[in-house]
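Novice: Here the numbering used here is used: the first residue of the sequence shown is 778, the next is one more, and so on. C-beta atoms are modelled at their ideal positions from N, C-alpha and C, and glycine is treated no differently. These numbers come from a predicted model, not from an experiment.
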Amino acid sequence: MINTRLNNILAQIRQAETAYKRMPGSVLLLAVSKTKTSKDIAAAYQAGQRHFGESYCQEALKKQQELGAFDITWHFIGPVQSNKTKALATHFSWVHSVDSLKVAKRLSDQRPSALPPLNICLQVNISGELSKSGIALNELQHLCGQVAELPNIKLRGVMAVPMPERNFELQRLPYKTLYQAVAELHNPGLDTYSFGMSGDLCAAIAEGATIVRIGTALFGEREYA
Ligand SMILES: *Cc1c(COP(=O)(O)O)cnc(C)c1O
778 MINTRLNNIL AQIRQAETAY KRMPGSVLLL AVSKTKTSKD IAAAYQAGQR HFGESYCQEA
838 LKKQQELGAF DITWHFIGPV QSNKTKALAT HFSWVHSVDS LKVAKRLSDQ RPSALPPLNI
898 CLQVNISGEL SKSGIALNEL QHLCGQVAEL PNIKLRGVMA VPMPERNFEL QRLPYKTLYQ
958 AVAELHNPGL DTYSFGMSGD LCAAIAEGAT IVRIGTALFG EREYA
């Protein structure tokens, strides 16, 4: 079941890479396992998946403990609360959802020195009003400059969660805008576009995604308690 779903998604990613002239293998699948069990994660792992994304810190730490023997790269993609930065800096390789200098500084200060720099993306609120998370596009350049100075984090790129759209062309627009804005920064260290979820992964790949964050299409619908 999970094998079939995983292989279908990987095939879709490969097809989109070809269709939109992206380098083969240039798009990483991040399996979004929030609300799913350690057993679900273990099954995806057995099927070959290695990168997993979580949105809630406590829930993630519990699963990380249960899955300690697995060679998993953990990504945090949820809203970052200041009182969770130490746990995030200690237990994750990536945080995609940094949206303030304050959070970036705390992550840098709290990153254990034995670990390599924490990979971060700045979350950009690209379709405005509806979402509460993320910086405005016009803050991107300034925040990139400030975050680049911090020693224990590595600024890799941007993350976006646009307003859901059914129409493929409409799905592409916000990603296109953000990709262009990053290109205009002329910063070769920015190599990551965390774009795309189950409903818009092809549009995201068409517009430069290097990481797609897929939950529902891989694990099925989420049930919230
Ligand atoms: C839950 C979540 C996803 C996965 O969404 P699906 O539609 O289930 O694929 C991706 N990104 C973020 C930031 C999320 O919170």
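Cα-Cα, which of Tyr956, Cys898, Leu920 is closest to isoleucine 854?
Specialist: Here residue 854 is taken as the residue at index 77 of the sequence shown, counted from 1. Closest by alpha carbon: Cys898.
Novice: Secondary structure at alanine 837, three-state DSSP: helix, strand or coil?
Specialist: The residue you call residue 837 lines up with position 60 of the sequence shown. Correct three-state label for alanine 837: helix.
Novice: Assuming histidine 873 and serine 971 make a contact with CB atoms under 8 Å, what is their CB distance in whole Å?
Specialist: Here residue 873 refers to the residue found at position 96 when the sequence shown is read from its first residue. Here residue 971 refers to the residue found at position 194 when the sequence shown is read from its first residue. About 5 Å; that satisfies the 8 Å criterion.
Novice: So which of Met974, Glu1000, Glu998 has the shortest CA-CA distance to glutamine 789?
Specialist: The count along the sequence shown starts at 1 and reaches residue 789 at position 12. Cα-wise, what sits closest to glutamine 789 is Met974.
Novice: Isoleucine 903 and alanine 937 - do their beta-carbons sit closer together than 7 Å?
Specialist: Your numbering for residue 937 matches position 160 in the sequence shown. Your numbering for residue 903 matches position 126 in the sequence shown. Result yes, Cβ atoms of alanine 937 and isoleucine 903 sit closer than 7 Å.
Novice: Quick one: is the Cβ of glycine 973 within less than 6 Å of any heavy atom of ligand 1?
Specialist: Taking the first residue of the sequence shown as position 1, residue 973 is located at position 196. No, since every heavy atom of ligand 1 falls outside the 6 Å radius drawn around the Cβ of glycine 973.
Novice: Valine 989 lies in the beta strand (DSSP E); which residues open and close that run?
Specialist: Indexing the sequence shown from 1 puts residue 989 at position 212. Valine 989 -> beta strand (DSSP E) spans 988-991.
Novice: Would you say isoleucine 790 touches ligand 1, meaning its beta carbon is less than 6 Å from a heavy atom?
Specialist: The count along the sequence shown starts at 1 and reaches residue 790 at position 13. Every heavy atom of ligand 1 is 6 Å or more from the Cβ of isoleucine 790, so no.
Novice: Mind the definition here: the region 823-837 touches the region 803-812 only if three or more C-beta pairs lie below 8 Å; say whether that holds.
Specialist: Contact holds: three or more Cβ-Cβ distances are below 8 Å.
Novice: What are the start and end residues of the alpha helix (DSSP H) that includes tyrosine 956?
Specialist: Walking along the sequence shown from the start, residue 956 turns up at place 179. Element bounds for tyrosine 956: 945-960.
Novice: Beta carbon of isoleucine 786: closer than 6 Å to some heavy atom of ligand 1?
Specialist: By 1-based counting over the sequence shown, the position of residue 786 is 9. Every heavy atom of ligand 1 is 6 Å or more from the Cβ of isoleucine 786, so no.
Novice: CA-CA distance, glutamate 843 and glycine 825?
Specialist: The residue given as residue 843 occupies position 66 in the sequence shown. The residue given as residue 825 occupies position 48 in the sequence shown. Distance between the alpha carbons of glutamate 843 and glycine 825: 18 Å.
Novice: Terminal residues of the continuous beta strand (DSSP E) containing isoleucine 897?
Specialist: Taking the sequence shown and counting its residues from 1, the one referred to as residue 897 is at position 120. It spans 895-900 - the beta strand (DSSP E) in which isoleucine 897 sits, taken as one unbroken run.
Novice: Does DSSP put valine 924 in a helix, a strand or coil?
Specialist: Here the question's residue 924 lines up with position 147 in the sequence shown. The answer is helix: DSSP assigns valine 924 an H, G or I state.
Novice: Can you list, in chain order, the residues of its chain with a C-beta nearer than 6 Å to that of glycine 985? Leave out the 5 residues immediately preceding and following it.
Specialist: Here residue 985 corresponds to residue number 208 of the sequence shown, with the count starting at 1. The answer, listed in chain order, is Tyr956, Tyr970.
Novice: Quick check: leucine 947 and valine 959, are their CB atoms within less than 7 Å of each other?
Specialist: As a working note, residue 947 is residue 170 in the sequence shown. As a working note, residue 959 is residue 182 in the sequence shown. Cβ atoms of leucine 947 and valine 959: not closer than 7 Å.
Novice: Ordered along the chain, which non-local residues of its own chain (more than five positions away) have a Cβ less than 6 Å from that of tryptophan 871?
Specialist: Here the question's residue 871 lines up with position 94 in the sequence shown. His852, Asn896.
Novice: Return the CA-CA distance between leucine 838 and alanine 881, expressed in angstroms with no decimal places.
Specialist: Position 61 of the sequence shown holds residue 838. Position 104 of the sequence shown holds residue 881. Each residue's Cα considered, the two are about 20 Å apart.
Novice: With distances taken Cα to Cα, identify the nearest neighbour of methionine 940 among Gln923, Ala925, Val901.
Specialist: In the sequence shown, counting from the first residue as 1, residue 940 sits at position 163. It is Val901 whose Cα lies nearest to the Cα of methionine 940.
Novice: If the criterion is Cβ atoms closer than 7 Å, does the pair valine 924 and leucine 917 meet it?
Specialist: Locating residue 924 in the sequence shown gives position 147, where the first residue counts as 1. Locating residue 917 in the sequence shown gives position 140, where the first residue counts as 1. Contact flag unset, no.
Novice: So is arginine 1013 buried or exposed if we call it buried at 16+ other beta carbons inside 10 Å?
Specialist: This structure cannot settle anything about residue 1013, because the visible part of the chain is limited to 778 through 1002.
Novice: For the alpha helix (DSSP H) containing valine 875, name the first residue and the last one.
Specialist: Mapped onto the sequence shown, residue 875 falls at position 98. No alpha helix (DSSP H) contains valine 875, which is instead part of the beta strand (DSSP E) from 871-875.
Novice: Quickly, what does DSSP pair threonine 850 with across the bridge? List them, please.
Specialist: As a working note, residue 850 is residue 73 in the sequence shown. DSSP, once it has assigned bridges, lists His828 as partnering threonine 850.
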